[in-house]
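Residue numbers (the working numbering), protein chains in the order written: chain E, 9 to 146; chain W, 9 to 146; chain D, 9 to 146.
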Amino acid sequence: MIHRGELTIATKGRGTYDITQEVAGIAGASNARFGLATVFIHHTSASLIICENADASVRRDLEAFAARLVPDGDRLFTHNAEGDDDMPAHIRTILTQTSIGIPITSGKLALGTWQGLYLWEHRTSPHRRQVSVTVIGE
Amino acid sequence: MIHRGELTIATKGRGTYDITQEVAGIAGASNARFGLATVFIHHTSASLIICENADASVRRDLEAFAARLVPDGDRLFTHNAEGDDDMPAHIRTILTQTSIGIPITSGKLALGTWQGLYLWEHRTSPHRRQVSVTVIGE
Amino acid sequence: MIHRGELTIATKGRGTYDITQEVAGIAGASNARFGLATVFIHHTSASLIICENADASVRRDLEAFAARLVPDGDRLFTHNAEGDDDMPAHIRTILTQTSIGIPITSGKLALGTWQGLYLWEHRTSPHRRQVSVTVIGE
């Protein structure tokens with residue numbers, strides 16, 4: 009059995025957005041007891057990560073690290089038509105994930121205790137982001 | 009239904025090579041209307057990325073960033089039997105993707121408007137690279 | 009056909025642990041001749057990589073690179089309740105993989121000649137790590 013669900017996430021600009029419950033809802037709606045949910049984001053300036061979900065300081069430090077690793081406005085970058093965050097958004101996407109496959113057990117996402125699934129918006133301005141979830145199960 | 013397709017990509021050395029059409033061709037040949045195409049590269053010194061496909065400056069800047077992040081000939085590296093680009097190629101592979109799962113809708117890869125799938129050759133010399141596509145669909 | 013296998017890996021602290029044979033064993037036990045094995049690690053401070061498996065110097069250099077890129081005890085990090093390696097472990101996980109999809113051909117993992125699958129423990133102290141393998145095949 010294959011099931012597809014689609015999500016639209018309205019971001020407020022750069023930052024991490026917890027989409028675990030939305031994706032779990034699609035897995036539940038598939039009625040699969042057992043299988044795999046493959047999450048995919050249809051963009052090149054926002055990405056997916058699985059990150060510790062208990063302490064928000066993890067995601068603040070992650071943001072600070074990304075800003076230092078790939079600085080906005082770095083003079084190395086020539087692709088800046090949409091602003092100082094344009095090329096960093098593409099690189100941050102490439103260094104993280106566009107698709108993640110998550111197991112389903114007993115009809116639920118089999119995430120670890122501290123695992124949350126996040127959409128990471130890399131642009132500084134708000135965007136509408138499309139995410140799809142393909143469930144292959146039985 | 010499960011379908012497999014294989015690609016051999018002859019690279020001219022370091023750089024990004026658009027393989028979107030080749031992978032789309034395998035998805036089409038599977039006759040799956042709906043499902044998932046998982047692309048896999050069978051190497052440790054070349055990788056897969058989904059990257060903005062409209063402006064080539066994105067991939068030039070990406071290459072410049074990778075060269076700064078993981079410098080060829082860095083004295084940190086002891087594994088250099090095949091040259092200054094040997095260990096950087098392994099690290100660049102590990103920081104990007106060896107497999108990516110892409111949804112299929114209406115018989116086509118459901119990529120976003122600006123998403124292209126690229127093989128990223130990290131060695132400076134030409135190589136023949138094996139890529140496989142596993143389609144699970146209905 | 010969908011098959012699931014579970015692994016528990018006891019690590020001795022930071023480092024790379026070859027789990028290729030364990031995952032190949034699950035793929036074999038599934039009796040799938042052809043399909044996809046999706047490996048998933050249920051943690052946010054340990055990750056999965058596919059890495060060159062012939063020369064151990066590759067993994068030593070990789071470890072040295074990661075230590076330089078994401079330094080333990082970096083003053084940028086505020087999330088250090090569990091020690092200097094706490095936040096670096098989360099970032100190293102996010103920069104690598106939580107899930108990898110590997111093709112199965114003729115009942116075996118279709119890895120390239122030099123590809124090994126490794127669990128990368130990012131914490132300095134020993135941990136027990138859960139890994140699951142979802143085989144979708146025929």
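Heads up, the beta-carbon is just placed ideally off N, CA and C, and yes, glycines get one too.
Runs of alpha helix (DSSP H) lying entirely within the region 11-39 of chain W, each at least 4 residues, in chain order: 28-37
How many Å lie between E60 of chain W and L117 of chain E at the Cα? On the second sequence, position 52 is the one that residue 60 of chain W refers to. On the first sequence, position 109 is the one that residue 117 of chain E refers to. Distance between the alpha carbons of E60 of chain W and L117 of chain E is about 30 angstroms.
By Cβ distance below 7 angstroms, which residues in the same chain neighbour I17 of chain E in space, the five residues on each side in sequence not counted? Indexing the first sequence from 1 puts residue 17 of chain E at position 9. The residues are Y25, I27, L127, R137 and V139.
Within 7 angstroms of chain D by C-beta, residues of the region 36-68 of chain W in sequence order: T46, F48, H50, H51 and T52
Excluding five sequence neighbours on each side, which residues of the same chain lie with their C-beta closer than 8 angstroms to the C-beta of T104 of chain D? Mapped onto the third sequence, residue 104 of chain D falls at position 96. Closer than 8 angstroms at Cβ, skipping near neighbours: S55, L56, I57 and W128.
Integer Cβ distance of F48 of chain D from G91 of chain E, believed to fall under 8 angstroms: Within the third sequence, the letter at position 40 stands for residue 48 of chain D. Within the first sequence, the letter at position 83 stands for residue 91 of chain E. About 36 angstroms separates the two Cβ atoms, so there is no contact after all.
If the cut-off is 9 angstroms on Cβ atoms, which residues from the region 93-115 of chain W count as contacting chain E, listed in chain order? L103, T104, Q105, S107, I108, G109, I110, P111, I112 and T113
I'd like the ranges of any alpha helix (DSSP H) spanning at least 4 consecutive residues and lying wholly in the region 33-93 of chain D. 64-77
Using a cut-off of 7 angstroms between C-beta atoms, extract the partners of H87 of chain D located in chain E. Counting from one through the third sequence, the residue named residue 87 of chain D turns up at place 79. Within 7 angstroms Cβ-Cβ: D63, S65, V66 and D69.
C-beta contact flag for P111 of chain E and T142 of chain D at 7 angstroms: To locate residue 111 of chain E, count along the first sequence from 1; it is residue 103. To locate residue 142 of chain D, count along the third sequence from 1; it is residue 134. Closer than 7 angstroms, so yes.
Over the uninterrupted beta strand (DSSP E) stretch that includes W128 of chain E, give me the two end residues. Taking the first residue of the first sequence as position 1, residue 128 of chain E is located at position 120. It spans Q123 to E129 - the beta strand (DSSP E) in which W128 of chain E sits, taken as one unbroken run.
So which of D:D93, D:I102, D:T101 and D:G115 has the shortest CA-CA distance to S133 of chain D? Along the third sequence, read from residue 1 onward, the residue named residue 133 of chain D stands at position 125. Minimum Cα distance to S133 of chain D is reached at D:D93.
Would A75 of chain W count as contacting chain B if we go by Cβ distances under 7 angstroms? You won't find chain B in this structure, because its protein chains are E, W and D.
Sort E:R22, E:V66 and E:A32 by Cα distance to L119 of chain E and report the nearest one. Looking up residue 119 of chain E in the first sequence gives position 111. L119 of chain E has its Cα closest to that of E:A32, out of E:R22, E:V66 and E:A32.
What are the residues of the region 117-132 of chain D that lie near chain E, defined by any Cβ-Cβ distance shorter than 7 angstroms? none
For chain W, find out if any of its Cβ atoms is closer than 7 angstroms to the Cβ of A32 of chain D; answer yes or no. Position 24 of the third sequence holds residue 32 of chain D. No, A32 of chain D does not count as interfacial toward chain W.
So, under 8 angstroms CB-CB, A72 of chain E and L77 of chain D are touching, yes? Tell me the CB distance rounded to an integer number of Å. Mapped onto the first sequence, residue 72 of chain E falls at position 64. Mapped onto the third sequence, residue 77 of chain D falls at position 69. Contact flag wrong, Cβ pair sits at about 14 angstroms.
Distance CB(D12 of chain D)-CB(G115 of chain D) smaller than 7 angstroms: For the purposes of this step, residue 12 of chain D is taken as the residue at position 4 of the third sequence. For the purposes of this step, residue 115 of chain D is taken as the residue at position 107 of the third sequence. It is Arg, not Asp, that sits at residue 12 of chain D in the sequence shown. Result no, Cβ atoms of R12 of chain D and G115 of chain D do not sit closer than 7 angstroms.
Rounded to the nearest angstrom, how far is the Cβ of S38 of chain D from that of G145 of chain D, given a contact under 8 angstroms? Mapped onto the third sequence, residue 38 of chain D falls at position 30. Mapped onto the third sequence, residue 145 of chain D falls at position 137. Sure, about 6 angstroms apart at Cβ, within 8 angstroms.
Is G43 of chain D buried or exposed, if buried means 16 or more other CB atoms sit within 10 Å of its CB? The residue given as residue 43 of chain D occupies position 35 in the third sequence. With 16 or more Cβ atoms within 10 Å of its Cβ, G43 of chain D is classed as buried.
Go ahead and pull the three-state DSSP assignment for T132 of chain W. As a first step, residue 132 of chain W must be located in the second sequence, where it is residue number 124. T132 of chain W: coil per DSSP, three-state reduction.
On the DSSP bridge assignment, give the partners of T142 of chain W in chain order. As a working mapping, residue 142 of chain W is identified with position 134 in the second sequence. Beta-bridge pairing links T142 of chain W to W:R12 and W:T46.
Boundaries of the beta strand (DSSP E) in which G109 of chain E is found, first to last residue: If you number the first sequence from 1, residue 109 of chain E lands on position 101. Segment S107 to T113, the beta strand (DSSP E) holding G109 of chain E.
Based on Cα-Cα distance, which residue from E:A74, E:I34 and E:V66 lies nearest to I99 of chain E? Taking the first residue of the first sequence as position 1, residue 99 of chain E is located at position 91. The residue with the shortest Cα to Cα distance from I99 of chain E is E:A74.
Taking 7 angstroms as the threshold (C-beta atoms), are H135 of chain W and A97 of chain W in contact? Reading the second sequence from its first residue, position 89 is the one you call residue 97 of chain W. Reading the second sequence from its first residue, position 127 is the one you call residue 135 of chain W. No, Cβ-Cβ distance for A97 of chain W and H135 of chain W is not below 7 angstroms.
To the nearest angstrom, how far is the alpha carbon of T19 of chain W from that of V66 of chain E? As a position in the second sequence, residue 19 of chain W is number 11, starting the count at 1. As a position in the first sequence, residue 66 of chain E is number 58, starting the count at 1. In a straight line, the C-alpha of T19 of chain W is about 40 angstroms away from that of V66 of chain E.
Residues of chain E with CB under 9 angstroms from R136 of chain D, in chain order? The count along the third sequence starts at 1 and reaches residue 136 of chain D at position 128. Neighbours of R136 of chain D on chain E: none; closest Cβ ~12 angstroms, over 9 angstroms.
Would you say I144 of chain E faces chain D, with C-beta separation under 7 angstroms as the test? Position 136 of the first sequence, counting from 1, holds the residue named residue 144 of chain E. With 7 angstroms as the cut-off, I144 of chain E counts as an interface residue toward chain D.
Spatial distance of L15 of chain E from G23 of chain W (CA atoms): As a first step, residue 15 of chain E is located in the first sequence; it is residue number 7 there, counting from the start. As a first step, residue 23 of chain W is located in the second sequence; it is residue number 15 there, counting from the start. Near 34 angstroms, if we compare the C-alpha coordinates of G23 of chain W and L15 of chain E.
Candidates D:G81, D:D69, D:D63 and D:T101: closest to T121 of chain D by CA position: Within the third sequence, numbered from 1, the residue matching residue 121 of chain D stands at position 113. The option with the nearest alpha carbon to T121 of chain D is D:D63.
Do H87 of chain W and D69 of chain D have their CB atoms nearer than 7 angstroms? For the purposes of this step, residue 87 of chain W is taken as residue 79 along the second sequence, with counting starting at 1. For the purposes of this step, residue 69 of chain D is taken as residue 61 along the third sequence, with counting starting at 1. Yes, Cβ-Cβ distance for H87 of chain W and D69 of chain D is below 7 angstroms.
So that I know if they touch, is there some Cβ in chain W lying closer than 7 angstroms to that of L84 of chain E? In the first sequence, residue 84 of chain E corresponds to position 76, counting from 1. Output row for L84 of chain E: interface = yes.
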